[in-house]
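Beneath this line is the structure, given in structure tokens, with notes to follow.
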Amino acid sequence: MFKRLIRTTNNLKLKHKLLISYVLVVMIPVLIVGLAVTSYFRQQALDNAIGQTIINVDKIKSQTATMLRVPTDISNLLMFNADLKEIVNKRYKSVVELTSAYLAYKDFQEYRRLYREIAGIRFYSTNPTLINNLEFIPVDKQTEESYWYQQALKTTSIGWFYIPDKEDNPVHKLSLVRKVPFAEYRTEGVLMIVINQDELNGLLRQEQFETMITDEQGYVVAAKNTELVGKTLDELDFGVDLQNQAKGTIEGDFRGEPSNIVIDELGPGSSMNSLKVISVFATKNIVKDANTVSLIGMIFIILVLVIALLFVYIISFLTSNRLLRLSKHLNKLALGDLNVTSRIDGNDEIGQLSRQFNYMVKSINELMTQVVEATEQNNQLEIAQKEIKLKMMASQINPHFLFNALESIRMKAHIKGEAEIANIVRLLGKLMRKSLEIGSGKTTFRAELEMVRSYLEIQKFRYGDRLAFQIHIDPEVEKMYIPPLIIQPLVENAIVHGLENKEGTVRVDISIRLVENIVQIRVDDNGAGITPERLAEVMQFICGPEEQEKSRIGMRNVHQRLTLTYGEPYGLQIKSVYGEGTEVSFTLPAGGDQHV
Numbered sequence: 000m001f002k003r004l005i006r007t008t009n010n011l012k013l014k015h016k017l018l019i020s021y022v023l024v025v026m027i028p029v030l031i032v033g034l035a036v037t038s039y040f041r042q043q044a045l046d047n048a049i050g051q052t053i054i055n056v057d058k059i060k061s062q063t064a065t066m067l068r069v070p071t072d073i074s075n076l077l078m079f080n081a082d083l084k085e086i087v088n089k090r091y092k093s094v095v096e097l098t099s100a101y102l103a104y105k106d107f108q109e110y111r112r113l114y115r116e117i118a119g120i121r122f123y124s125t126n127p128t129l130i131n132n133l134e135f136i137p138v139d140k141q142t143e144e145s146y147w148y149q150q151a152l153k154t155t156s157i158g159w160f161y162i163p164d165k166e167d168n169p170v171h172k173l174s175l176v177r178k179v180p181f182a183e184y185r186t187e188g189v190l191m192i193v194i195n196q197d198e199l200n201g202l203l204r205q206e207q208f209e210t211m212i213t214d215e216q217g218y219v220v221a222a223k224n225t226e227l228v229g230k231t232l233d234e235l236d237f238g239v240d241l242q243n244q245a246k247g248t249i250e251g252d253f254r255g256e257p258s259n260i261v262i263d264e265l266g267p268g269s270s271m272n273s274l275k276v277i278s279v280f281a282t283k284n285i286v287k288d289a290n291t292v293s294l295i296g297m298i299f300i301i302l303v304l305v306i307a308l309l310f311v312y313i314i315s316f317l318t319s320n321r322l323l324r325l326s327k328h329l330n331k332l333a334l335g336d337l338n339v340t341s342r343i344d345g346n347d348e349i350g351q352l353s354r355q356f357n358y359m360v361k362s363i364n365e366l367m368t369q370v371v372e373a374t375e376q377n378n379q380l381e382i383a384q385k386e387i388k389l390k391m392m393a394s395q396i397n398p399h400f401l402f403n404a405l406e407s408i409r410m411k412a413h414i415k416g417e418a419e420i421a422n423i424v425r426l427l428g429k430l431m432r433k434s435l436e437i438g439s440g441k442t443t444f445r446a447e448l449e450m451v452r453s454y455l456e457i458q459k460f461r462y463g464d465r466l467a468f469q470i471h472i473d474p475e476v477e478k479m480y481i482p483p484l485i486i487q488p489l490v491e492n493a494i495v496h497g498l499e500n501k502e503g504t505v506r507v508d509i510s511i512r513l514v515e516n517i518v519q520i521r522v523d524d525n526g527a528g529i530t531p532e533r534l535a536e537v538m539q540f541i542c543g544p545e546e547q548e549k550s551r552i553g554m555r556n557v558h559q560r561l562t563l564t565y566g567e568p569y570g571l572q573i574k575s576v577y578g579e580g581t582e583v584s585f586t587l588p589a590g591g592d593q594h595v
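Structure below.
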């Protein structure tokens, strides 16, 4: 399946690939992201509205609790009011006596005058001698059967109920209800403090959303919209049971519109029951601005995508056309036309390919030239190797005669006890044999250093204390291969030229080390050194195109063979300080790879 998809994709034209890629990679993801962003903004608007509503509900709770603290404190004072206890428990013999007592008691009126939160104060008593004056009210059968009265008698805690106001009948108001026991009289009554409805509604008037306060029976006791006061939650039909709904945020319907509802409980201190603060807002009003912005954004996105699609089509057409031109140039090159030149403008990838194509054609031509030059260099290297052997053989006409003669001399010296002379003759014979065995191949560092050591021992015999030498080679280098007669000419040069104009001992140090896959060869001497002018002449000579001394096997030959075998970076390097000494060095790749 996957291979078939790749095969189908490869068979499509580039223009179609770009268009399909644009649709799959850009258009569809952007539309999905646009829808996701729209949903995100909508949810953010809802979350912000819910968060603000929760803050407002907390504020309403705090303000309402502060307002209800006034009647609560008044009820606490009246619980222990001696005048109140006296007036409700005394048995009056006449109306005149009762009227005088009513007129003398001013506490209820004073509280109403001092606190605008209070609409009225009443006390319900079972004293049969009392007469209803709208403040002191005898308990009748209807009152005894009322829910709020029965709940008040069960406990001394404060209760909050929605009760008919006798003064404004049939208007109901939120009231504090509390039992007041009189232990010494073995009687009890019920205190009612009626809350000022206007003050309670005033707390909700400035709210942004529809907000209301309900009691435990579901009556709306206060609301931003005062028309809702007195109705029950069932009548308002939120689509959910708010009466039994715990604190939190839920979704429902209000006035036929989907809405979010925030509910919180308000439990004033020492209360037997609690109130609820409910805030409602229509979802569409909150997300209206977000939907408008999202719609404009989606239209803009679609417009941009269409324009971008047009640009992609144009770019794909131009790209395909330029690639076709480049393809024609490649076909010409494949047919052997090495003079073809691509003329495709631009700094994009296709323009770079065009320039790389031209560079490739140029490189092919240069490589062909280099192959010819490399062939010539290899021929020169072979000729140089043969010249070495021919020159050495020219200086040694009859090698077997010389070996036999040297061996006879060595034995004669040995018989006469001349061990040093015998050893030197042996070294000389060994050196000559190694020299004649050299071919056009390679030798190891160990074999090369054996020749060098033989040569140095012979020179040591010749110069005595005027010559000292030291050879150091890393063990891992000994079996590596190098061209023959690479180090010996450098040592010979150090001895011959180092001893010129130099009194005392000349020291020759040979160091061969392996450093990071590079073999470093260095020949140092503390001889007479070379002046800067002479050093420049020497470097010009060994690097020059024409050999100036046909009979000499020396540094120039070494330099040429190194550069022909390994490349220009591996030629000889010479450093010298006149009067202090000379350092000749070169490097080789550790693998001994030849330069191509």
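Counted the way numbering that gives the first Met the number 0 counts, the sequence shown spans residues 0 to 595. No residue lacks a Cβ here, since even glycine has one placed at the ideal position from N, Cα and C.
Check: Rounded C-alpha distance that separates LEU325 from ASN357; Outcome: 11 angstroms
Check: Residue range of the unbroken beta strand (DSSP E) whose run includes LYS275; Outcome: 274-281
Check: Close-in-space but distant-in-sequence residues of the same chain around GLY570 (CB under 6 angstroms, 5 per side omitted); Outcome: HIS558, LEU561 and THR562
Check: C-alpha distance - THR71 paired with LEU175, whole-angstrom precision; Outcome: 8 angstroms
Check: Supposed contact pair ARG121 and MET191 - C-beta distance, whole angstroms, cut 8 angstroms; Outcome: 4 angstroms
Check: 8 angstroms Cβ cutoff met for VAL507 and ASP524; Outcome: yes
Check: Cβ separation of ASN620 and ILE49, assumed to be a contact under 8 angstroms, to the nearest whole Å; Outcome: Outside the shown range of the chain (0 to 595) lies residue 620, about which nothing can therefore be said.
Check: Distance cut-off 7 angstroms: LEU34 Cβ against heavy atoms of the ligand ADP; Outcome: Inclusion of the ligand ADP in the displayed structure is not the case, the ligand content being empty and no account of it being possible.
Check: Contacting residues, own chain, Cβ-Cβ under 8 angstroms from LEU4 (five flanking each side not counted); Outcome: none
Check: Inter-stretch contact at 8 angstroms, needing at least 3 Cβ pairs: the region 123-131 / the region 234-253; Outcome: no
Check: Closest residue to ILE277 among GLN487, MET297 and GLN244 (Cα-Cα distance); Outcome: GLN244
Check: When THR231, VAL228, ASN47 and TYR312 are compared against SER20, the one with the closest alpha-carbon; Outcome: TYR312
Check: Whole-angstrom distance between HIS496 and LEU455, CA atom to CA atom; Outcome: 15 angstroms
Check: The region 287-305 / the region 210-220 touching (three or more Cβ pairs under 8 angstroms); Outcome: no
Check: Nearest to VAL505 (by Cα), restricted to the options GLU491, GLU226, LEU227 and ASN516; Outcome: GLU491
Check: Cut-off 7 angstroms between Cβ atoms - residues of its own chain near PHE160, not counting five sequence neighbours on either side; Outcome: TRP147, SER174, VAL176 and ASP214
Check: Whether LEU484 touches ILE457 by CB criterion (8 angstroms); Outcome: no
Check: For PRO588, the residue or residues it bridges with in DSSP; Outcome: ILE517
Check: Strand pairing of PRO163, partner residues [DSSP]; Outcome: HIS171
Check: Within 8 angstroms, strictly: CB atoms of LYS501 and GLY463; Outcome: no
Check: Counterpart residues of LEU265 in DSSP-defined beta bridges; Outcome: LEU274
Check: Simplified DSSP assignment, three categories, for VAL601; Outcome: For residue 601 there is no data in the structure shown, the boundaries of the chain being 0 and 595.
Check: Endpoints, the alpha helix (DSSP H) within which GLY188 is located; Outcome: Per DSSP, GLY188 belongs to no alpha helix (DSSP H); it is in the beta strand (DSSP E), 186-194.
Check: Limits of the beta strand (DSSP E) - the one that GLU226 falls within; Outcome: Premise fails: GLU226 is in no beta strand (DSSP E) and is neither H nor E.
Check: Those residues which DSSP pairs with ALA221 across a bridge; Outcome: ILE212
Check: The region 297-308 / the region 319-337 touching (three or more Cβ pairs under 8 angstroms); Outcome: no
Check: Close beta carbons around PHE468, own chain, < 6 angstroms, minus the five adjacent residues each side; Outcome: LEU455 and VAL507
Check: For TYR480, the residue or residues it bridges with in DSSP; Outcome: THR443
Check: Backbone CA spacing between ALA35 and LEU45 [nearest angstrom]; Outcome: 15 angstroms
Check: Those residues which DSSP pairs with THR248 across a bridge; Outcome: VAL261
Check: Neighbourhood of VAL228 by C-beta, 6 angstroms cutoff - its chain only, sequence neighbours within 5 removed; Outcome: VAL219 and ALA222
Check: Residues near PRO180 in its chain [Cβ-Cβ closer than 6 angstroms; skip 5 each side]; Outcome: GLU187
Check: For ARG3, three-class secondary structure by DSSP; Outcome: helix
Check: Sequence ranges, alpha helix (DSSP H) only - wholly within the region 82-156, length at least 4; Outcome: 94-103, 106-113, 140-144 and 146-152
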